[in-house]
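Asks:
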Amino acid sequence: MTTAVIGRIMEDEDGKRLEYVSVGDSRIYRIRGKEIIRVTGKDEGEGSFISNALGLKGMTVKKRGFIKLQDGDCLIFCTDGITGDGKKLDDGRTDEFPEERLVEIVQSAKSADEAAEIILRESLKEDDRALVVVGIKKEK
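Numbering (the working numbering), first residue to last: 7 to 146.
1) Just tell me which of D77, V45, R33 and R135 has its CA closest to the CA of G87.
2) What does the Cβ neighbour count give for L95, buried or exposed, with the cut at 16 atoms within 10 Å?
3) In this structure, does DSSP put S224 in helix, strand or coil?
4) Helix, strand or coil: how does DSSP classify D86 here?
5) Rounded to whole angstroms, what is the Cα-Cα separation between T85 and K22?
6) Is G71 buried or exposed, if buried means 16 or more other CB atoms sit within 10 Å of its CB?
7) Any idea which residues DSSP pairs K22 with across the strands?
8) What distance in whole Å lies between the Cβ atoms of R36 and L81, which are believed to be in contact at a cut-off of 8 Å?
9) Please report the Cβ distance between G13 and Y26, rounded to the nearest whole angstrom; I am assuming they are in contact, meaning their Cβ atoms lie under 8 Å.
10) So what does L81 bridge to, in DSSP terms?
11) Beta-carbon separation of T89 and R33 under 8 Å?
12) Where does the unbroken beta strand (DSSP E) through R70 begin, and where does it stop?
13) Note the first and the last residue of the continuous beta strand (DSSP E) segment covering R44.
14) Is it true that the CB of G78 sits closer than 8 Å to the CB of I142?
15) State the Cα-Cα distance for the pair P104 and L130, rounded to the nearest angstrom.
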């Protein structure tokens, strides 16, 4: 089974926007200033059970759409290896990555690459970690 998020950033007469499609529990976040939204909405599954994934019989793409972008926005594309799936760790914490911390990292990082490095370093899961951080900048 594989989960996936796919996005295409485009610009037309309506401005910049992200076209996306998502299957499973991989996620896309948009950070604008101090606001974070999970573009892909609720995960398709509970804990380690995924109810919709590539390769499953009857798989359907339920989450797709567009979201407007502005200069200065940041997009995070990631697997549940980054965000966690709520499992308890030996020290009593869960492996979930707080969304507020994602905002803090993006706001303080000097670049999208630096933000990605910090997020990877701070993620608590040991497996299935894939991440892309994209900053939306003005064209000169």
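Glycine included, C-beta positions come from ideal geometry on N, C-alpha and C.
Replies: Reading from the atomic positions:
1) R135
2) exposed
3) This structure cannot speak to residue 224, because the chain is shown only from 7 to 146.
4) helix
5) Approximately 24 Å, taken between the alpha carbons.
6) exposed
7) E17
8) 6 Å
9) Contact check for G13 and Y26: beta-carbon distance about 4 Å, within the 8 Å limit, so the pair qualifies.
10) According to DSSP, which records beta bridges pairwise, L81 is partnered with R36 and V140.
11) yes
12) K69 to K74
13) E41 to R44
14) Contact flag set, yes.
15) 11 Å
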